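Below you'll find the structure, written out as structure tokens, and then a few comments.
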Amino acid sequence: YVAAPIYVWKVNQHKSNGSDYERNLLLDSRYWFDPSPTPIFEVTYTYQAIALYSGGTSAVGLEGSLMAIIMHIVGQFRLISVRLKFIGSALLDETMAIKKFDPGAEIQDCVKHHERMLRIADEMNSLFGPIILGQLMLASVEICLNGY
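Numbering (UniProt numbering), first residue to last: 1 to 148.
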């Protein structure tokens, strides 16, 4: 996101159309003013570069945080699975033989953890579902408009 505007700027400076340099903005857009004069072109170019950088950074940041939350929830469910799988294996340990082992309490703790994680997963789904739907809709419109 940072290097692309600089690269496009340098490539556009070296394209020569007779005696005039052909300068293109980063985004093809329509303005109510003429962006080709020299101070206005640089301001418009900088504005577009900042908009592309901030838009790309926010999209990547949102997607990364969503993936981290989902991976954390999946990891918690895997931990519950491992705890349930190895409930009886603690009896083989010599230090556990001294203590009183209650498998019912272990299972009850796993069930409470599972219920907590289901509640968190439902809350995350209701919170991020509309955001993901909005991103999907905007990306679909963007792809259609770019193809047109």
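Backbone N, C-alpha and C define an ideal beta-carbon position, used for all residues, glycine too.
Since the model is a prediction, treat every value here as computed from it, not as a measurement.
Whether residue i touches residue j by CB criterion (9 Å)
i: M124; j: I70; result: yes
i: I87; j: E106; result: yes
i: A59; j: Q135; result: yes
Reference residue i; option with closest CA among the options
i: I80; options: D28, L145, K112 and L138; result: K112
i: C110; options: Q76, I120 and V141; result: Q76
i: L66; options: S126, S54, W32 and I143; result: S126
Which of helix, strand or coil DSSP assigns to residue i
i: S126; result: helix
i: D34; result: coil
i: N146; result: helix
i: residue 194; result: Residue 194 lies beyond the range of the chain shown here (1 to 148); nothing can be said about it.
i: S54; result: helix
Closer than 8 Å: residue i CB and nearest the ligand GTP heavy atom
i: H72; result: With respect to the ligand GTP, the structure offers nothing, as it holds no ligand at all.
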